[in-house]
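Counting along the sequence shown from 1, when you hit position 184 you're at 1498 in my numbering, and nothing is skipped either side.
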Amino acid sequence: MTLVNGKQYKIDITGYTHDGAGVGRINGQVVFVPGALRGEEILVEIVSAKKGIVRGKTIEVITSHPGRVEPECPVYSSCGGCRLQHVSYTEQLKIKDNLVRDTLKRIGGLDDLNIQPVWGMEHPWGYRNKGHFHVGIVDNKIVLGFYEEESHDITPQPCRFLFSKEINKLLSFLEELLNKYKLNINARDSSGLRWIMLRESHSSGEIIVTFISKGEFSSEKEAISQEICRNFSRVVGVCLNYNEKMSGQVLGERTKKIRGKDRIEDRLDPFIYSLSIHSFFQINNIQAQKLYEKTVKLAGFTGTETVIDAYCGTGSISLFLAKKAKKVIGIEVVKEAVEDAWRNAGLNNIQNIEFLKGEAEKIMPILVRKGIRPNVVVVDPPRRGCGKALLESILEVMPERVVYVSCNPATLARDLKHLVAGGYEVREVQPVDMFPQTAHVECVVLMCASSEAGKC
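This is the structure in structure tokens:
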């Protein structure tokens, strides 16, 4: 029987998607239901059925899961900022544990693994050190917010439980300021002011405000910046970034400083990091500290190792590795990130490290041909995972240990499967809840070459 848009059905939720939506079947057809929990019976209304993908919205929770809670955020039902606020934090960690286990088994064919309990947070709120907020017009007023789920409609006053109190105060002030100066915003062609990005140092509390614009948005940028800094002493810099591209990419290539500083420093003990608006840095300092310390522990350094850190970004993990290893070689494709990495190494007086600009998939084979044979390889790729050429280079060299830091369980499973087929064993998987209230989960994985299993 074909499911009909607008019609209501009862459904038993039996699992979850990668983004935390509930999954069940109606007459054999798979239906995705955001906000539904495994074990619940739900009355749903079908809202879309395209190309075999059926989505429903909850009309009534007939049988409720004991982990269901009332969301803290008043705009949670419309805002797309986070998707698990309706779930107790204990249950969120269970969902993420199941996601990691199910994905590694389903995609990677990896079963009976040493998967540790997910590392959660004692206080899973207010953890984000950066946010970018869409600028739009709602009811003839300029607003800052997040897009609604699967929509380009903006939810004003977005979920502020993920940010510090100071950022929340600043957001409210900025909305008032944008309306006071009647800034240029054109939703039709995305010209004028498009986003505002806020970056806050977790260690010092300093904040940089960045206006992101297509063309000019105001002739009074200096006055606006002055008002911001006068009212918020922790705002140490205001920048303007030009982004002419009609894509989802937030930052353009050209940035100019309007007032104050264009860099702030943050800290992951014992290291200091200098960050521009372009710098990649983990969103959650508390969990990043745990993640990096675990990465070093799994690497099992004795002080004699040569390490390759692929996809090293601004060198955030590299510095931790260099403190314990003999030599670290970081590889990163983004020029500005490489410059940041060198700057951060200098800030911390790290000498046994170098950074190479280029794609890890291309640089790693070159290093192998030059006779560089690392004892440990650390990879921290983007969501798309490792390139095949990089994986093949690892298998050619067969370092004793590979430590894989992942933000996407699906590509992690795919890449682990490739490395296992090439002679590696998965020794430990440690999931880390880097993004509470969302369905995202990070993992750090230790792999040992089968021939070295006794040493690893």
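C-beta: ideal position from N, C-alpha, C; glycine also. The model shown is predicted, which means the values in this text are computed figures rather than measured ones.
Pick helix, strand or coil for residue i, following the three-state DSSP scheme.
i, result
"Cys-1626", "coil"
"Lys-1528", "strand"
"Met-1748", "coil"
"Gly-1660", "helix"
"Lys-1371", "strand"
"Met-1560", "coil"
"Met-1761", "strand"
"Ser-1486", "helix"
"Glu-1619", "coil"
"Pro-1696", "coil"
"Ile-1481", "helix"
"Ile-1708", "helix"
"Val-1414", "helix"
"Pro-1679", "helix"
"Gln-1665", "coil"
Could you tell me if residue i is buried or exposed, where buried requires 16 or more neighbouring beta carbons within 10 angstroms of its beta carbon?
i, result
"Arg-1339", "exposed"
"Glu-1756", "buried"
"Met-1560", "exposed"
"Thr-1404", "exposed"
"Gln-1563", "exposed"
"Arg-1420", "exposed"
"Gly-1551", "buried"
"Ile-1677", "buried"
For residue i, is the beta carbon positioned less than 7 Å from some heavy atom of the ligand ZN?
i, result
"Val-1344", "Ligands in the displayed structure: none, and consequently the ligand ZN is not present."
Apart from the five residues just before and just after residue i, which ones in its own chain have a Cβ nearer than 8 Å to its Cβ?
i, result
"Ser-1362", "Asn-1319, Val-1368, Arg-1369"
"Glu-1607", "Phe-1634"
"Ser-1702", "The sequence given here has Lys at residue 1702, not Ser. Contacts found: Glu-1675, His-1732."
Quick check: residue i and residue j, are their CB atoms within less than 8 Å of each other?
i, j, result
"Leu-1670", "Ile-1643", "yes"
"Tyr-1625", "Val-1549", "no"
"Arg-1513", "Ile-1526", "no"
"Thr-1328", "Phe-1346", "no"
"Asn-1557", "Ile-1591", "no"
"Leu-1565", "Val-1746", "no"
"Val-1740", "Leu-1488", "no"
"Leu-1661", "Ser-1720", "no"
"Ser-1378", "Glu-1354", "yes"
"Leu-1730", "Gly-1422", "yes"
"Gly-1506", "Asn-1498", "yes"
"Val-1711", "Leu-1760", "no"
Just to check my reading of the structure: residue i and residue j have Cβ atoms closer than 8 Å, yes? What is that Cβ distance to the nearest angstrom?
i, j, result
"Thr-1349", "Leu-1476", "Reading off the sequence, residue 1349 comes out as Gly, not Thr. Actually they are not in contact, since the Cβ atoms of Gly-1349 and Leu-1476 sit about 18 Å apart, beyond 8 Å."
"Asn-1663", "Lys-1641", "Not really, about 16 Å apart at Cβ, beyond 8 Å."
"Thr-1628", "Ser-1593", "5 Å"
"Thr-1524", "Ile-1510", "7 Å"
"Leu-1758", "Val-1414", "Note that residue 1758 is Val in the sequence shown, not Leu. At roughly 11 Å, the Cβ-Cβ gap does not stay under 8 Å, so Val-1758 and Val-1414 are not in contact."
"Pro-1470", "Val-1457", "4 Å"
Starting from the C-beta of residue i, find all residues in its chain whose C-beta is less than 7 Å away, skip the five residues before and the five after it, and write them out in chain order.
i, result
"Asp-1333", "Arg-1397, Ala-1753"
Which residues in the same chain have their Cβ closer than 6 Å to the Cβ of residue i, if we skip the five residues on either side of it in sequence?
i, result
"Glu-1673", "Val-1647"
"Leu-1407", "Val-1432, Gly-1434"
"Ile-1622", "Ile-1643, Pro-1688, Val-1691"
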